[in-house]
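In what follows, a structure is listed as C-alpha cells, so that the remarks can point back to it.
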Amino acid sequence: MISAQQYQQATERAAGMLRAAGIVITPEERGRLEVADFGLNELEKTGLEILTYVNTERCCAKEIVMFPGQTCPEHWHPTIGGRPGKEETFRCRWGTVYLNVPGSPSASRVSLPPAGSEAYYSVFHEVRLEPGDQYTLMPDTPHWFQAGPGGAIVSEFSTRSTDEADRFSDPRIARIPVVGE
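Going by this note's numbering, the first residue of the sequence shown is number -5, and it counts up by one from there.
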C-alpha cells in the first residue's frame, strides 16, 4: 500500500522529470499520472510512474517515468482466450533504461534485481536503451527493466494495454495500486 502523501509526492516528482526532459503534458494529464508501487511498499526500488495518453481496443501510448534505479518487476503480457497478449515497443526518451529479456545472460550486466526479490527474476539478457533507442517485445515475453542512476523516461507504444491481466513472476505483486490515507 502507498500513502496518499507518497502518491502525491511521486506524481509531483514524475511531472518534474517530464518537464525537465522537455515533454509537455497538460494539467488534465498531470492529474492522471499513475503511481504503481506493485504492492511492495518500496517505490524507490520497485515501481513506475505512468501517464497513459490513449488506450483503445487497438492501440495504447504511455510515458513511463522511472526514478533513479527504480525497477519494473519481471512480468509478461499473456495470451488469453486466444487473444494475443500486448505487443509493445519501448522508446527511451531521456536517461538510460536497462531492459532484460530472454536470451544468453549478459556478461557485464548493469541492472540487478532489487535486494530481497532476486528469486523472482529469471531473464538476464540486458538491452541498454538510451535516448532514441527502442526495442519491441512480442506477447508472452518475460521481461523487466530498470532505470539508470539518473532515472529514465520511456515512451511505450503498444496494442491494447490490459495491465490487470499482466502476469508477474513475484506472487507478492499487486499491479493495481492501493492508496491509503
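Glycine included, C-beta positions come from ideal geometry on N, C-alpha and C.
DSSP-derived helix/strand/coil call for residue i
i      : result
Pro67  : strand
Tyr47  : strand
Trp97  : Reading the sequence as shown, one finds Gly at residue 97 and not Trp. Gly97: coil per DSSP, three-state reduction.
Glu81  : coil
Gly178 : This structure does not reach residue 178, given that the chain is present from -5 up to 175, and the question cannot be answered.
Gly33  : coil
Tyr114 : helix
Glu28  : strand
Cα-Cα separation between residue i and residue j, rounded to whole angstroms
i       : j      : result
Ala71   : Tyr115 : According to the sequence provided, residue 71 is His. The question's Ala does not apply to it. Distance between the alpha carbons of His71 and Tyr115 is about 16 Å.
Gly79   : Pro133 : 5 Å
Ile(-4) : Ala168 : 12 Å
Tyr129  : Val173 : 32 Å
Tyr92   : Trp138 : 8 Å
Ser149  : Glu175 : 31 Å
Val48   : Pro171 : 20 Å
Thr153  : Thr50  : 8 Å
Gly126  : Thr20  : 23 Å
Cβ-based burial, residue i [other Cβ within 10 Å; buried from 16]
i       : result
Ile44   : buried
Ala4    : buried
Gly89   : buried
Ala(-2) : exposed
Gly41   : buried
Cys54   : buried
Pro96   : exposed
Asn94   : buried
Below-8 Å beta-carbon distance, residue i vs any chain D residue
i     : result
Arg77 : Reference to chain D is not applicable here, since this structure consists of a single protein chain.
For residue i, the first and last residue of its enclosing beta strand (DSSP E)
i      : result
Pro143 : His137 to Ser152
Arg122 : His119 to Leu123
Glu57  : Cys54 to Met60
Leu106 : Looking at the DSSP string, Leu106 is not in any beta strand (DSSP E), and its letter there is neither H nor E.
Thr130 : Gln128 to Leu131
Boundaries of the alpha helix (DSSP H) in which residue i is found, first to last residue
i     : result
Thr5  : Ala(-2) to Ala14
Gly25 : Pro21 to Gly25
Count the CB pairs spanning the region 135 to 146 and the region 57 to 76 that are closer than 8 Å, and state whether there are at least three. In short, these stretches touch, since the Cβ pair count reaches three.
Would you call the region 81 to 92 and the region 117 to 131 in contact, with 3 or more CB pairs under 8 Å? Output reads yes: the region 117 to 131 touches the region 81 to 92.
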